[in-house]
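The sequence shown begins at 1 in UniProt numbering and counts up one residue at a time.
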Amino acid sequence: MDNQLINSIIEKYQFSKKQIEAVLTLLEEKNTVPFIARYRKEQTGGLDEVQIKQIDDEYQYMVNLQKRKEEVIKNIEQQGLLTEELKKDILKQNKLQRVEDLYRPFKQKKKTRATEAKRKGLEPLAIWMKARKHEVSIEEKAQQFINEEVQSVEDAIKGAQDIIAEQISDNPKYRTKILKDMYHQGVLTTSKKKNAEDEKGIFEMYYAYSEPIKRIANHRVLAVNRGEKEKVLSAKFEF
Numbered sequence: 001m002d003n004q005l006i007n008s009i010i011e012k013y014q015f016s017k018k019q020i021e022a023v024l025t026l027l028e029e030k031n032t033v034p035f036i037a038r039y040r041k042e043q044t045g046g047l048d049e050v051q052i053k054q055i056d057d058e059y060q061y062m063v064n065l066q067k068r069k070e071e072v073i074k075n076i077e078q079q080g081l082l083t084e085e086l087k088k089d090i091l092k093q094n095k096l097q098r099v100e101d102l103y104r105p106f107k108q109k110k111k112t113r114a115t116e117a118k119r120k121g122l123e124p125l126a127i128w129m130k131a132r133k134h135e136v137s138i139e140e141k142a143q144q145f146i147n148e149e150v151q152s153v154e155d156a157i158k159g160a161q162d163i164i165a166e167q168i169s170d171n172p173k174y175r176t177k178i179l180k181d182m183y184h185q186g187v188l189t190t191s192k193k194k195n196a197e198d199e200k201g202i203f204e205m206y207y208a209y210s211e212p213i214k215r216i217a218n219h220r221v222l223a224v225n226r227g228e229k230e231k232v233l234s235a236k237f238e239f
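Dropping the structure here:
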């Protein structure tokens, strides 16, 4: 057991250290949550199934978070790009998504429109466009990048825009802001797919459904996910 992780659970849920250690020990001994709640009340201080599950879920989450931090730091270090500031930033995060956001710019990318644009030599144009100090028009500048693979000014500008878009998408600060705005202002809308079969009408309430993201109950998220998986529903976010 990791005392630092246990202390984090204490701060979040106000359980005692003794209760948390008892639950984790009993779970390590392969006891089930219902069994612990019913027959080990003296050891856990009377914790119910929900509380025991909270302790288990939180501890496992933090174990995985800690492991992922170590993996991310190692991967960035192997690329020779790890700075002390970045390392501290990764270590202080308490959400897996934030760790992934920080790692995103350093991941080996699959083929994207931006990587293709870079391969075609359009990154200098993207840098020039971002600088916003233009002595000539964008069209005139883009003319310099026309070659066998970039056959027009429009293609050059589009490629540079793809590079800039990916850079913004990979920026942790922008991603955090976008996710926050999405949560507070976004709306989930769902519809029935054309020719989809739903004989028992299980997903009928989601055939033409919309709700602000911040108000969606967990069971509805699960229902929509299931509807998509079974190819009955289409879902999208709107702003």
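The beta carbon of each residue, even a glycine, is placed where N, CA and C say it ideally should be.
Terminal residues of the alpha helix (DSSP H) in which residue i lies
| i | result |
| --- | --- |
| V232 | Per DSSP, V232 belongs to no alpha helix (DSSP H) and is neither H nor E. |
Residue i vs residue j beta-carbon contact at 8 Å
| i | j | result |
| --- | --- | --- |
| K231 | A196 | yes |
| I10 | K18 | no |
| L5 | V63 | yes |
| I163 | L122 | yes |
| F106 | Q66 | no |
| A114 | E166 | yes |
| R68 | L96 | yes |
| Y59 | L24 | yes |
| E139 | V153 | yes |
| L233 | K180 | no |
| A37 | E28 | no |
| Q43 | A22 | yes |
Which of helix, strand or coil DSSP assigns to residue i
| i | result |
| --- | --- |
| N31 | coil |
| S16 | coil |
| R38 | helix |
| E21 | helix |
| E11 | helix |
Identity of the residue in the options nearest residue i by Cα
| i | options | result |
| --- | --- | --- |
| T190 | M182, Y206, I6 and I202 | Y206 |
| K214 | M182, N3 and E139 | M182 |
| D2 | F15, Q14, I20 and K12 | I20 |
| A156 | W128, Q167 and E199 | W128 |
| R226 | F239, E238, P212 and E204 | E204 |
| I216 | G201, V187 and E228 | V187 |
| Q54 | K95, A160 and K12 | K12 |
| Q151 | K69, G46, A117 and A131 | A117 |
| S210 | K194, Q185 and I202 | Q185 |
| P124 | Q97, Q93, G159 and E100 | G159 |
| E149 | V136, E140, K120 and E42 | K120 |
| A223 | P212, F237, I202 and E238 | I202 |
| R104 | E49, D170 and D89 | D170 |
| K177 | D48, E71, L86 and R98 | R98 |
| Q14 | E28, G45, N147 and N75 | G45 |
| P172 | E228, F239, Q161 and L86 | L86 |
| Q93 | E77, Y61 and N75 | Y61 |
Beta strand (DSSP E) runs contained entirely in the UniProt domain "Tex-like central region" (138 to 237), provided each spans 3 or more residues: 187 to 192 and 208 to 212
Whole runs of the beta strand (DSSP E) within the region 47 to 133, excluding any shorter than 3 residues: none
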